[in-house]
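> Read in the working numbering, the first sequence has 789 at position 694, and its numbers run on one by one without any break. I am attaching a structure below and will ask some questions about it afterwards.
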Amino acid sequence: MNDLLERLNPQQQLAVAAPPGPTIVLAGPGSGKTRVLTYRIAYLISVLNVPAYNILAVTFTNKAAKQMGERVTQLIGPHAEGIWLGTFHAICGRILRREADLLPVNKNFVIFDTDDQEALMKQILRDNNLDEKLYKPASILSAISNSKNDLIGPENYAVKDFRDEQVKRLYVLYQQRLAQNNAMDFDDMLVYTNQLFDNYPIVRDTYAHKFEHILVDEFQDTNFSQYSILRNLARAHKNLYVVGDEDQSIYRWRGADYRNLDRFKSDFKNAEVILLEQNYRSTQTILDCAMGVIDQNSNRTRKKLFTKAQTGDKIRLVVAEDDREEAYLVVNDIRDAIRSGRNPSEFAIMYRTNAQSRVLEEAFRREGISYRLVGAQRFYGRKEVRDMIAFLRLVYNPMDEVSLRRVINLPPRGIGDKTIQNLSELAQKNGLSMGETLLDLTRPNHPYLSELGRSGDKLVRFAHLLTNWRHAAQENTLSILFDRIIADTDYQSFIQDKSEEGLDRWENLLELRAVVMEYETRGLQDFLEAMALVADQDTLPDELDAPTMLTLHAAKGLEFERVYIVGLDEMLLPHSHSREEEEDLAEERRLLYVGITRARKKLTLTRALRRRSPYGTYEDTVPSRFLKDLPTYLVQQDIYAQPRRSNSSWDREPSRWETPSWLRNTPMPMDKPANTRFKSGMQVSHPTYGHGVVKSSKLEQGDETVEVYFEGHGLKALIASLAKLDIL
DNA sequence: GTCAAACGCTTTTTT
DNA sequence: AGCGTTTGAC
Numbered sequence: 096m097n098d099l100l101e102r103l104n105p106q107q108q109l110a111v112a113a114p115p116g117p118t119i120v121l122a123g124p125g126s127g128k129t130r131v132l133t134y135r136i137a138y139l140i141s142v143l144n145v146p147a148y149n150i151l152a153v154t155f156t157n158k159a160a161k162q163m164g165e166r167v168t169q170l171i172g173p174h175a176e177g178i179w180l181g182t183f184h185a186i187c188g189r190i191l192r193r194e195a196d197l198l199p200v201n202k203n204f205v206i207f208d209t210d211d212q213e214a215l216m217k218q219i220l221r222d223n224n225l226d227e228k229l230y231k232p233a234s235i236l237s238a239i240s241n242s243k244n245d246l247i248g249p250e251n252y253a254v255k256d257f258r259d260e261q262v263k264r265l266y267v268l269y270q271q272r273l274a275q276n277n278a279m280d281f282d283d284m285l286v287y288t289n290q291l292f293d294n295y296p297i298v299r300d301t302y303a304h305k306f307e308h309i310l311v312d313e314f315q316d317t318n319f320s321q322y323s324i325l326r327n328l329a330r331a332h333k334n335l336y337v338v339g340d341e342d343q344s345i346y347r348w349r350g351a352d353y354r355n356l357d358r359f360k361s362d363f364k365n366a367e368v369i370l371l372e373q374n375y376r377s378t379q380t381i382l383d384c385a386m387g388v389i390d391q392n393s394n395r396t397r398k399k400l401f402t403k404a405q406t407g408d409k410i411r412l413v414v415a416e417d418d419r420e421e422a423y424l425v426v427n428d429i430r431d432a433i434r435s436g437r438n439p440s441e442f443a444i445m446y447r448t449n450a451q452s453r454v455l456e457e458a459f460r461r462e463g464i465s466y467r468l469v470g471a472q473r474f475y476g477r478k479e480v481r482d483m484i485a486f487l488r489l490v491y492n493p494m495d496e497v498s499l500r501r502v503i504n505l506p507p508r509g510i511g512d513k514t515i516q517n518l519s520e521l522a523q524k525n526g527l528s529m530g531e532t533l534l535d536l537t538r539p540n541h542p543y544l545s546e547l548g549r550s551g552d553k554l555v556r557f558a559h560l561l562t563n564w565r566h567a568a569q570e571n572t573l574s575i576l577f578d579r580i581i582a583d584t585d586y587q588s589f590i591q592d593k594s595e596e597g598l599d600r601w602e603n604l605l606e607l608r609a610v611v612m613e614y615e616t617r618g619l620q621d622f623l624e625a626m627a628l629v630a631d632q633d634t635l636p637d638e639l640d641a642p643t644m645l646t647l648h649a650a651k652g653l654e655f656e657r658v659y660i661v662g663l664d665e666m667l668l669p670h671s672h673s674r675e676e677e678e679d680l681a682e683e684r685r686l687l688y689v690g691i692t693r694a695r696k697k698l699t700l701t702r703a704l705r706r707r708s709p710y711g712t713y714e715d716t717v718p719s720r721f722l723k724d725l726p727t728y729l730v731q732q733d734i735y736a737q738p739r740r741s742n743s744s745w746d747r748e749p750s751r752w753e754t755p756s757w758l759r760n761t762p763m764p765m766d767k768p769a770n771t772r773f774k775s776g777m778q779v780s781h782p783t784y785g786h787g788v789v790k791s792s793k794l795e796q797g798d799e800t801v802e803v804y805f806e807g808h809g810l811k812a813l814i815a816s817l818a819k820l821d822i823l
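Given below as structure tokens:
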């Protein structure tokens, strides 16, 4: 274990062996950030003899957590067992289950995902006769979410106008209804953990003492609520070790707040700051392009990315006629490379929006190449899968009204709106949840059965089903419960009888059953928790040797030999929703920066002159403004599209031989090989400063900087390629 | 209460 | 263009 540090560069060693105490590691892309974190954990355990269970490590995704666990185990074996390792939500879930007695929900609470949240909000709107078009559930929920991320409860919701008043009211109702459902949403997991710590200092201190060392990955993307949890947990030992890169902050829309770094510095005095700058991933060309893009952002510490690796190939810019051709060109390129011996898993295609994957998928299928698609809710978003999970959730937590409403008439069993309304009213009368009321109906001679009339029988029948499943959940394994639900509801024939896509659906359920089998011993609670918190990304088989398609967001933290970023058009990147505000635009730029810096060897950027708009028709595009920030001399263009003759702006579309105007911003340095154009002593003239004498000239970052002494103006430092200097 | 047709809206990114 | 939701008929 003593050789642990020898495998690291000096900067990394410094970071890994940093003395205990508040520590900030600012790590550029490809600087070995993950490596530092894993080695740090290994170092704590094997050198400082910190017991694994006194270490908390927080990552941004489940995948990252899993990976980190594997790597630490690789380093130190079984000593790594017992680390608290996971996303904020997973960690909070663990704490909340333990301390459920102190919460407004009981220990069988379920986690509502976005769909559940919307379903619940729609119910609330309906109950309150509010127009869904005026009060869009998604927009209200996003306002609520933003508040929660800043730890602002309904009582403190800022009201500026009538609408705010309504939102505030809905916020109150929403929280009430969640509690009645014995449920919480993603944000609540963090909020409740904060409340737990605030209301019960003893509980807080228990955890604060337990976690001697806390490590946080992707710190730049934490929100205030998350930061507050960290601050609470680190109050005893103050060993908070955070790793991040402001240039890779891409979750502002989710409440991520880069100011957490300042908060950290002021909350934890004397925090040590360690910089990791050297890049071990990309070629210098790729890094230069990345810097060209990111340096346009203000309010940041300018960093110089450097590598000892080679300059590498120029990056390619491909312009296609339309988005289909764009996809075709990319896939073709990959196919050719694979044929000539490249490994399929070396390739990644990245895009701004999930919708863009579709054309690419088609192209891959046409070429008969298999691919990996990250995210895009391809599996867990499926109706049949969600239905089955709703059944299971109802079994686990009958108070879950959203799931109850979803499955009570599924497959249709004659329980319509009216019957559901009756049940709901009955529940309200008794101050119980609908689910509890339903289960209560199985009691012999139930007093309300006569009230419900004929529909009562149907309810009772379903109530018996649910009761039986609840017994099955107690006494049998998960898969037996799963099978019984399908059998009892005849769900298979419900989805399968129709077309051939019915078979697909059934296969999806079989796939879900395979997942269920993995939780055979751990049980329903763990299964449901995983379903709620584990994203699709974690399900993609790593073994599959195929090109990967993923959003730029999903690409964070990954690296690939060859990267294609498609859709470098205005409205897409930067996205149409993010072009107004400067902060939004800066984030779009960071997104591209993240994408570029994923590439090890080769980078290809593509765009299309026309693409299918969200509204079906084809529309002309405008090149992304970010393209002009790429140093031209590092870009090789492949223009496949014919310039179109029309009276549109595309008359200005460049031909194959011409440098397109959107790239013309960065001039090629005049003398790339070590020679400067200007020499000391030369007489020059400048349009504003007039006559001057060159004092010195040197090459910096491929650009020539000249110091000139101007009569009446003094000494000026000028960039040779930008300043219009003439040699006299 | 169920089924089919018409309608209208959508696409930013994710724990 | 395609999907999900609402509307209207049986």
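Glycine residues also receive a C-beta, built at the ideal position from the N, C-alpha and C atoms. Predicted model, so just to flag it, every value in this text is computed and none were measured.
(1) So does the region 307 to 327 actually touch the region 133 to 151, counting three or more Cβ pairs closer than 8 Å?
(2) Hey, out of Y466, H670, E441, S440, whose CA is closest to S452's CA?
(3) Quickly, what does DSSP pair N318 with across the bridge? List them, please.
(4) Check for me: the beta strand (DSSP E) holding S780 runs from which residue to which?
(5) What do you get for R705, buried or exposed, if any count of 16 or more other CB atoms within 10 angstroms of its CB means buried?
(6) Helix, strand or coil, according to DSSP, for R358 in the structure here?
(7) Hey, would you say T701 sits closer than 8 Å to V661, going by beta carbons?
(8) Any idea which residues DSSP pairs R467 with across the strands?
(9) Is M626 helix, strand or coil when you go by DSSP?
(10) What residue does the alpha helix (DSSP H) around R579 start on, and which one ends it?
(11) Decide if P117 is buried, meaning its Cβ has at least 16 other Cβ atoms within 10 Å, or exposed.
(12) Since I believe M626 is in contact with V469 (beta carbons under 8 Å), could you give me their beta-carbon distance rounded to a whole number of angstroms?
(13) Would you call the CB atoms of I324 and L285 closer than 8 Å?
(14) Here's the rule: buried if 16 or more other CB atoms are within 10 angstroms of the residue's CB, otherwise exposed. What is D98?
(15) Cutting at 8 Å between CB atoms, please list the residues of its own chain near A233, excluding the five before and the five after it.
(16) For F773, which three-state DSSP category applies?
(17) When we look at the beta-carbon of G248 and count the other beta-carbons within 10 Å, is it buried (16 or more) or exposed?
(18) Figure out for me which residue from L554, D724, L527, A450 has the closest Cα to the Cα of P711.
(19) Between T699 and Y659, which are expected to be in contact by the criterion C-beta below 8 Å, what is the C-beta distance as a whole number of angstroms?
(20) Report the rounded CA-to-CA distance for E682 versus K128, giving the unit in angstroms.
(21) Among the candidates Y346, D417, M612, whose CA atom is the shortest distance from the CA of H651?
(22) Mind checking who P718 pairs with in its DSSP beta bridge?
(23) Within 10 angstroms of its Cβ, does P542 collect 16 or more other Cβ (buried), or is it exposed?
(24) Tell me the DSSP secondary structure of T156 in three-state form.
(25) Given this structure, state the Cα-to-Cα distance separating C384 from D679, to the nearest angstrom.
(26) Mind checking which residues open and close the alpha helix (DSSP H) that includes Y138?
(27) In the DSSP output, which residue or residues are listed as bridge partners for T402?
(28) If you measure between the beta carbons of Y230 and L220, is that distance less than 8 Å?
(29) Please list, in chain order, all residues of the same chain as T562 whose beta carbon is under 7 Å from its beta carbon, the five residues on each side excluded.
(30) Beta-carbon within less than 7 Å of L499's beta-carbon, same chain only, minus the 5 sequence neighbours each way: which residues are those?
(31) Rounding to the nearest angstrom, what Cα-Cα distance links S141 and Q321 in this structure?
(32) Check this for me: beta carbons of I691 and V388, under 8 Å apart or not?
(33) Could you tell me the alpha carbon to alpha carbon distance between W745 and I814, rounded to whole angstroms?
(34) Going by beta carbon distance, what residues of the same chain come within less than 7 Å of A567, once the five residues before and after it are set aside?
(35) Under a three-way DSSP split, which group does R538 fall into?
(36) Any idea which residues DSSP pairs F655 with across the strands?
According to the data block:
(1) yes
(2) Your numbering for residue 452 matches position 357 in the first sequence. Cα-wise, what sits closest to S452 is Y466.
(3) Taking the first residue of the first sequence as position 1, residue 318 is located at position 223. According to DSSP, N318 bridges with A351.
(4) Taking the first sequence and counting its residues from 1, one reaches residue 780 at position 685. Element bounds for S780: 778 to 781.
(5) Counting from one through the first sequence, the residue named residue 705 turns up at place 610. R705 is buried by the Cβ-count criterion.
(6) Numbered from 1 along the first sequence, position 263 holds the residue referred to as residue 358. Here R358 sits in helix by DSSP.
(7) Taking the first sequence and counting its residues from 1, one reaches residue 701 at position 606. Taking the first sequence and counting its residues from 1, one reaches residue 661 at position 566. Yes, they are a contact pair.
(8) Sequence index remark: in the first sequence, residue 467 carries index 372 (1-based). Beta-bridge pairing links R467 to T643.
(9) Within the first sequence, the letter at position 531 stands for residue 626. Three-state DSSP puts M626 in a helix.
(10) Counting from one through the first sequence, the residue named residue 579 turns up at place 484. Element bounds for R579: 573 to 584.
(11) What you label residue 117 is simply residue 22 of the first sequence in a count that begins at 1. The residue in question, P117, is buried, as its Cβ has 16 or more Cβ neighbours within 10 Å.
(12) Working through the first sequence from its first residue, we reach residue 469 at position 374. Working through the first sequence from its first residue, we reach residue 626 at position 531. With a Cβ gap of about 18 Å, V469 and M626 do not count as contacting.
(13) Position 229 of the first sequence, counting from 1, holds the residue named residue 324. Position 190 of the first sequence, counting from 1, holds the residue named residue 285. Their beta carbons are under 8 Å apart, which means I324 touches L285 by this criterion.
(14) Counting from one through the first sequence, the residue named residue 98 turns up at place 3. Under this definition D98 is an exposed residue.
(15) Within the first sequence, the letter at position 138 stands for residue 233. Excluding residues within five positions, the ones whose Cβ falls inside 8 Å are E213.
(16) The residue you call residue 773 lines up with position 678 of the first sequence. In the structure shown, F773 sits in coil (DSSP, three-state: anything other than H, G, I, E or B).
(17) Stepping through the first sequence from its first residue, residue 248 is reached at position 153. G248 should be labelled exposed.
(18) Within the first sequence, numbered from 1, the residue matching residue 711 stands at position 616. Note that residue 711 is Gly in the sequence shown here, rather than Pro. Taking only the C-alpha atoms, the option nearest G711 is A450.
(19) Sequence index remark: in the first sequence, residue 699 carries index 604 (1-based). Sequence index remark: in the first sequence, residue 659 carries index 564 (1-based). Sure, about 5 Å apart at Cβ, within 8 Å.
(20) Numbered from 1 along the first sequence, position 587 holds the residue referred to as residue 682. Numbered from 1 along the first sequence, position 33 holds the residue referred to as residue 128. Rounded to whole angstroms, E682 to K128 spans 21 Å at the Cα level.
(21) What you label residue 651 is simply residue 556 of the first sequence in a count that begins at 1. According to the sequence displayed, residue 651 carries Lys and not His. Among Y346, D417, M612, the Cα nearest to that of K651 belongs to Y346.
(22) Working through the first sequence from its first residue, we reach residue 718 at position 623. According to DSSP, P718 bridges with D664.
(23) Translated into the one-based positions of the first sequence, residue 542 becomes position 447. Exposed: under 16 other Cβ atoms inside 10 Å.
(24) Position 61 of the first sequence, counting from 1, holds the residue named residue 156. It is coil, neither helix nor strand.
(25) Residue mapping note: residue 384 aligns to position 289 of the first sequence, counting from 1. Residue mapping note: residue 679 aligns to position 584 of the first sequence, counting from 1. Their backbone Cα atoms lie some 21 Å apart in a straight line.
(26) Residue numbering aside, residue 138 sits at position 43 when the first sequence is read from its first letter. Unbroken alpha helix (DSSP H) run through Y138: 128 to 141.
(27) Numbered from 1 along the first sequence, position 307 holds the residue referred to as residue 402. DSSP output for T402 lists N374 as bridge partner(s).
(28) Walking along the first sequence from the start, residue 230 turns up at place 135. Walking along the first sequence from the start, residue 220 turns up at place 125. Cβ distance < 8 Å, so Y230 and L220 count as in contact.
(29) On the first sequence, position 467 is the one that residue 562 refers to. Same-chain partners within the cutoff: L534, T537.
(30) As a working note, residue 499 is residue 404 in the first sequence. Around L499: L489, M529, G530.
(31) By one-based count along the first sequence, residue 141 stands at place 46. By one-based count along the first sequence, residue 321 stands at place 226. When rounded, the distance between both Cα atoms is 29 Å.
(32) Reading the first sequence from its first residue, position 596 is the one you call residue 691. Reading the first sequence from its first residue, position 293 is the one you call residue 388. Against a cut-off of 8 Å, the Cβ pair of V388 and I691 comes out as a contact.
(33) The residue you call residue 745 lines up with position 650 of the first sequence. The residue you call residue 814 lines up with position 719 of the first sequence. Unreliable positioning characterises W745 in this predicted model, as indicated by a pLDDT of 36, which lies under 50. The coordinate reading is nonetheless provided below. So the alpha carbons of these two residues sit roughly 33 Å apart.
(34) Working through the first sequence from its first residue, we reach residue 567 at position 472. Result list for A567: I575, L576, R579, in chain order.
(35) Start at 1 with the first residue of the first sequence, and residue 538 comes out as number 443. Reduced to three states, the DSSP call for R538 is coil.
(36) Residue numbering aside, residue 655 sits at position 560 when the first sequence is read from its first letter. F655 pairs with A694.
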